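FYI, in numbering that gives the first Met the number 0 the residues of the sequence shown are 0 to 326.
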Amino acid sequence: MAIDNEFNETYITFGGHIELEKYKFLYFVIMFTAYILILCSNSTIVCLIWIKKSLHEPMYVFIAALLLNSVMFSTNIYPKLLMDFLSEKQITTHSQCSFQGFIYYSLTGSEFFLLASMAYDRYVSISKPLQYHTIMRKATVKILLVLTWFLPACQLVPSAVIINTSQICRFTLNGIFCNNAISKLYCATPRISYLIYGVFILINTVFLPLLFILFTYTKIFIICYRSCREVRRKAAQTCLPHLLVLISFSCLCSYDIIITRLEISLSQTARFIMTLQVVLYHPLFNPIVYGLKMKEISQHLKRLFCQSKFKLSVRADARSAIISFVI
Numbered sequence: 000m001a002i003d004n005e006f007n008e009t010y011i012t013f014g015g016h017i018e019l020e021k022y023k024f025l026y027f028v029i030m031f032t033a034y035i036l037i038l039c040s041n042s043t044i045v046c047l048i049w050i051k052k053s054l055h056e057p058m059y060v061f062i063a064a065l066l067l068n069s070v071m072f073s074t075n076i077y078p079k080l081l082m083d084f085l086s087e088k089q090i091t092t093h094s095q096c097s098f099q100g101f102i103y104y105s106l107t108g109s110e111f112f113l114l115a116s117m118a119y120d121r122y123v124s125i126s127k128p129l130q131y132h133t134i135m136r137k138a139t140v141k142i143l144l145v146l147t148w149f150l151p152a153c154q155l156v157p158s159a160v161i162i163n164t165s166q167i168c169r170f171t172l173n174g175i176f177c178n179n180a181i182s183k184l185y186c187a188t189p190r191i192s193y194l195i196y197g198v199f200i201l202i203n204t205v206f207l208p209l210l211f212i213l214f215t216y217t218k219i220f221i222i223c224y225r226s227c228r229e230v231r232r233k234a235a236q237t238c239l240p241h242l243l244v245l246i247s248f249s250c251l252c253s254y255d256i257i258i259t260r261l262e263i264s265l266s267q268t269a270r271f272i273m274t275l276q277v278v279l280y281h282p283l284f285n286p287i288v289y290g291l292k293m294k295e296i297s298q299h300l301k302r303l304f305c306q307s308k309f310k311l312s313v314r315a316d317a318r319s320a321i322i323s324f325v326i
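What follows is the structure, given as structure tokens:
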């Protein structure tokens, strides 16, 4: 695609799709089903935490924020991806692509910050149980939540300004949505200052939260090792889901950094499959882990589904009784 002078827009073509004409309806059905499952599963737990007063604890508030982040992350990708599957041309404007990339990396950074906040919450709960409610007050939780979404977005503002002022020489993006691959479209080779700025963002939004999480959980494991079985059981129940989510998300993010930034050669099919995994598995993995592994949430979910089944059975019995009475 080239520049549309009438609307003063630069159009970019997504070149990462594989045999789209042949499998577009299959792709659409799979991704549409996945998107509905992501919305329903994450939203159910978020609403459950919102409604049940027994879940109005910092740990569950952070879980709700993490699941809400997954919903926003998926909504940034899926609607455009679904439209592209059914469109004759898979294109987007430069401004829309820049905005999608900005939201994509902002929410990715927020995920690491949320996981770091959850690690801090667990550390205070296990190491200082008597002071927990004093330290983790509502005001503290609110400040942490604001910072987790505000800081990553603020750090990406200079990058967004640089991207919007750069000249494009190539108009085909090697991907199916806008991520770091957009940097390969610009005419000028990235300057040293821009590379240093990228490393700065990577350290601040990924490595520092990861180091903090590893340090925090190391301290937790040391405390648990020296404590009784009850403390170890409590720590395993609450910390294991966070570690599983952290490992899952870190592995998927490493693909985006290593493959895109370091230009490791991969076949287009392998790149397409790996890209789908980034946006498919993790948003579905979060509600499964927290719905099954967190005892309080799983109990409320069981009650919710049991009540739903009971209401459906009562309605079915009532309808059959009315029909038999009429007959």
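In this text, a Cβ means the ideal position worked out from N, Cα and C, and glycines have one as well.
Just so you know, these numbers come straight off a predicted model, no measurement behind them.
Look at E20 here: in three-state DSSP terms it is helix. In the DSSP assignment, I90 is bridged to T12.
Contact fails between the region 226-240 and the region 131-142, because fewer than three Cβ pairs, one in each stretch, are under 8 Å apart. The C-alpha of I17 lies about 34 Å from the C-alpha of G290. The C-beta separation of F176 from L80 comes to about 6 Å, placing the pair in contact by the 8 Å criterion. Under the DSSP definition of a beta bridge, I212 lacks any partner. For the pair S40 and P208, the CB atoms are not nearer than the 8 Å cut-off. With distances taken between CA atoms, P57 lies nearest to I134 out of L210, V160, I134.
Cβ-Cβ separation between D255 and V277: approximately 6 Å, consistent with a contact (criterion under 8 Å). Straight-line spacing of the CA atoms in K137 and C223 works out to 27 Å. Counting along the chain, R270 sits inside the alpha helix (DSSP H) bounded by residues 267-292. Put simply, the backbone Cα of Q95 is about 26 Å away from that of S42. Between L66 and I35, the beta carbon gap of about 15 Å keeps them out of contact (Cβ cut-off 8 Å).
Rounded to whole angstroms, K23 and S73 show a C-alpha spacing of 19 Å. Following the DSSP letters along the chain, one finds M58 inside the alpha helix (DSSP H) bounded by residues 57-85. About 5 Å separates the Cβ atoms of I162 and S97, confirming a contact at the 8 Å cut-off.
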